[in-house]
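Residue numbers (this note's numbering): 5 to 469. Heads up: the structure comes next, in structure tokens.
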């Protein structure tokens with residue numbers, strides 16, 4: 005697969021356009037709130053793009069990609085990564101004129117302080133990077149509450165009529181002039197949080213069992229739930245537990261700040277990696293390397309890829325749904341324990357579930373077997389579904405070789421046995437008996453094969469339903 009930085013031609017032209025007026029306050033927000041999230045490289049690129057805007061025109065002269073690469077001392081890959089981080093966070097919009105192979109960078113202003121800290125995604129990202137203490141310090145920088153009491157003072161402020169007198173002729177602003185004036189910056193983060201795999205029905209069913217009033221789950225709480233699910237991969241059971249930890253019965257409310265703190269503290273405790281940190285360490289191409297799956301069959305590759313696409317609770321639910329069964333509470337608790345208390349990654353846990361339910365053809369998870377196997381895989385330091393597949397195959401091969409070795413090592417197999425001489429009439433009887441036995445065995449094998457095919461056909465029909 006061709007990744008973004010490989011397609012970049014450093015000689016192509018670039019023009020920067022300032023979409024919003026960027027004030028000193030915006031740059032202050034950028035320095036203290038955005039810099040910890042986007043990193044120094046993206047911050048330097050943003051400042052560079054802002055610095056080349058020509059006064060009074062809101063746009064730059066025509067540059068080339070290589071100008072930014074050379075002046076910021078970056079590689080092509082680092083340059084594209086820095087640009088994509090700005091795009092993803094809502095600070096830059098990129099457009100390409102394919103005919104002229106010219107790029108247009110629209111420079112966007114950061115969120116206003118109040119909007120930034122009210123945005124669950126942005127505030128959670130910042131707290132995740134800084135920690136609770138430094139996060140609160142940054143938040144205090146943008147907090148202003150004048151507490152000077154004026155009740156005991158006399159107001160001597162002059163009124164407008166006392167000082168100014170309007171002329172007889174009134175000048176009104178034209179529509180053209182009005183549209184060109186700088187107004188309030190209404191910039192907001194355009195990224196929408198989609199949670200297609202979060203089962204809200206299952207989540208509300210869990211919450212109803214803790215006697216939560218429906219009014220407690222407000223729109224702000226739902227938004228925070230989406231954020232935590234996307235950033236850390238928390239499933240419905242984990243989210244419900246975090247909400248219980250953040251609930252105040254006296255006010256019948258869930259503290260969003262407490263929920264955020266508990267979620268991040270739990271993520272750090274269980275060594276979860278947020279999406280932000282995980283994306284920093286991944287190449288731009290998200291596809292699994294073909295070399296990693298070179299020795300696997302097509303079916304094994306499909307299983308490994310599917311294991312990466314679902315959370316463990318969604319994975320087992322999809323398997324159970326094919327057989328018209330539901331995930332039991334014990335199974336949900338077991339999966340929660342695996343996620344929280346083992347070193348196995350979610351894709352590896354999915355492979356563990358697939359092995360027991362599909363390959364071993366069981367209807368429900370067995371706690372003892374799952375926990376024993378999970379400990380075995382953790383000890384073997386299995387981190388990817390491909391490694392899990394190879395580990396299971398190698399284990400079966402070793403077990404088969406050990407059985408054959410034990411079979412060959414039996415003491416009576418190598419001893420010469422006494423063979424009694426048979427009379428001539430016995431051979432004819434033996435041949436007839438052997439023929440009858442072979443015919444019966446063939447019939448038995450045919451019956452088994454037909455039964456097996458019938459069962460397989462029923463299984464497929466159930467799967468289609």
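Beta carbons: idealized from backbone N, C-alpha and C, even for Gly.
Which one of the options has the shortest CA to CA distance from residue i?
{"i": "residue 473", "options": "347, 383, 396, 382", "result": "The requested residue 473 does not occur in the structure, where the chain is confined to residues 5 to 469."}
{"i": "residue 254", "options": "242, 267, 217", "result": "217"}
{"i": "residue 371", "options": "73, 346, 406, 338", "result": "338"}
{"i": "residue 55", "options": "75, 36, 402", "result": "75"}
{"i": "residue 118", "options": "94, 145, 111, 93", "result": "145"}
{"i": "residue 326", "options": "345, 367, 343, 334", "result": "367"}
{"i": "residue 378", "options": "102, 250, 350", "result": "350"}
{"i": "residue 336", "options": "364, 374, 313", "result": "374"}
{"i": "residue 250", "options": "237, 264, 238", "result": "264"}
{"i": "residue 369", "options": "384, 323, 399", "result": "323"}
{"i": "residue 270", "options": "143, 237, 252", "result": "237"}
{"i": "residue 304", "options": "345, 362, 244", "result": "362"}
{"i": "residue 99", "options": "21, 259, 142, 148", "result": "21"}
{"i": "residue 24", "options": "313, 57, 40", "result": "57"}
{"i": "residue 317", "options": "302, 342, 114, 300", "result": "342"}
{"i": "residue 30", "options": "116, 158, 345, 65", "result": "116"}
{"i": "residue 94", "options": "309, 167, 42", "result": "42"}
{"i": "residue 299", "options": "143, 225, 406, 398", "result": "398"}
{"i": "residue 114", "options": "401, 34, 162", "result": "34"}
{"i": "residue 380", "options": "346, 407, 161, 60", "result": "346"}
{"i": "residue 122", "options": "101, 147, 161", "result": "147"}
Measuring from the CB of residue i, is there a heavy atom of the ligand SAM at a distance below 6 Å?
{"i": "residue 87", "result": "No copy of the ligand SAM appears in this structure; indeed no ligand is present at all."}
Within its chain, find whatever has a CB closer than 6 Å to the CB of residue i; leave out the 5 residues flanking it on each side and keep chain order.
{"i": "residue 392", "result": "352, 355, 386"}
{"i": "residue 334", "result": "none"}
{"i": "residue 312", "result": "351"}
{"i": "residue 163", "result": "none"}
{"i": "residue 140", "result": "none"}
Leaving out the 5 sequence neighbours to the left and right, which residues in its chain are closer than 8 Å to residue i when beta-carbon positions are compared?
{"i": "residue 197", "result": "Residue confidence for residue 197 is low, a pLDDT of 49 falling below 50, so the modelled location carries little weight and cannot support an answer."}
{"i": "residue 307", "result": "355, 358, 389, 393"}
{"i": "residue 96", "result": "50, 53, 87, 90, 109, 110, 111, 112"}
{"i": "residue 248", "result": "214"}
{"i": "residue 16", "result": "68, 69, 105, 106, 107"}
{"i": "residue 246", "result": "232, 238, 263, 266, 267, 270"}
{"i": "residue 210", "result": "240, 241, 244"}
Identify whether residue i lies in helix, strand or coil by the three-state DSSP scheme.
{"i": "residue 385", "result": "coil"}
{"i": "residue 320", "result": "helix"}
{"i": "residue 258", "result": "strand"}
{"i": "residue 50", "result": "helix"}
{"i": "residue 101", "result": "strand"}
{"i": "residue 24", "result": "coil"}
{"i": "residue 64", "result": "strand"}
{"i": "residue 1", "result": "Residue 1 lies beyond the stretch modelled for the chain, which goes from 5 to 469, so this question has no answer here."}
{"i": "residue 115", "result": "coil"}
{"i": "residue 208", "result": "helix"}
{"i": "residue 168", "result": "coil"}
{"i": "residue 78", "result": "coil"}
{"i": "residue 107", "result": "strand"}
{"i": "residue 56", "result": "coil"}
{"i": "residue 229", "result": "helix"}
{"i": "residue 214", "result": "coil"}
{"i": "residue 396", "result": "helix"}
{"i": "residue 34", "result": "helix"}
{"i": "residue 96", "result": "strand"}
{"i": "residue 238", "result": "coil"}
{"i": "residue 83", "result": "helix"}
Could you tell me how far apart the beta carbons of residue i and residue j are, in whole angstroms, since I believe they sit closer than 8 Å?
{"i": "residue 131", "j": "residue 268", "result": "6 Å"}
{"i": "residue 348", "j": "residue 382", "result": "6 Å"}
{"i": "residue 18", "j": "residue 83", "result": "About 11 Å separates the two Cβ atoms, so there is no contact after all."}
{"i": "residue 37", "j": "residue 120", "result": "6 Å"}
{"i": "residue 80", "j": "residue 73", "result": "7 Å"}
{"i": "residue 78", "j": "residue 45", "result": "7 Å"}
{"i": "residue 39", "j": "residue 47", "result": "5 Å"}
{"i": "residue 134", "j": "residue 142", "result": "7 Å"}
What does a CB cutoff of less than 7 Å around residue i pick up in its chain, not counting 5 residues either side in sequence?
{"i": "residue 206", "result": "240"}
{"i": "residue 384", "result": "395"}
{"i": "residue 330", "result": "324"}
{"i": "residue 410", "result": "none"}
{"i": "residue 259", "result": "250, 252"}
{"i": "residue 224", "result": "260"}
Inset, instruction - Can you check the stretch 130 to 159 for any alpha helix (DSSP H) of at least 4 residues that lies completely inside it and give the ranges in chain order? - result: Within the stretch 130 to 159, the complete alpha helix (DSSP H) segments at least 4 residues long are 136 to 145, listed from N- to C-terminus.
Inset, instruction - Tell me the start and end of each unbroken alpha helix (DSSP H) in the stretch 336 to 365 that is at least 4 residues and wholly inside, in chain order. - result: Qualifying alpha helix (DSSP H) stretches, in chain order: 350 to 358.
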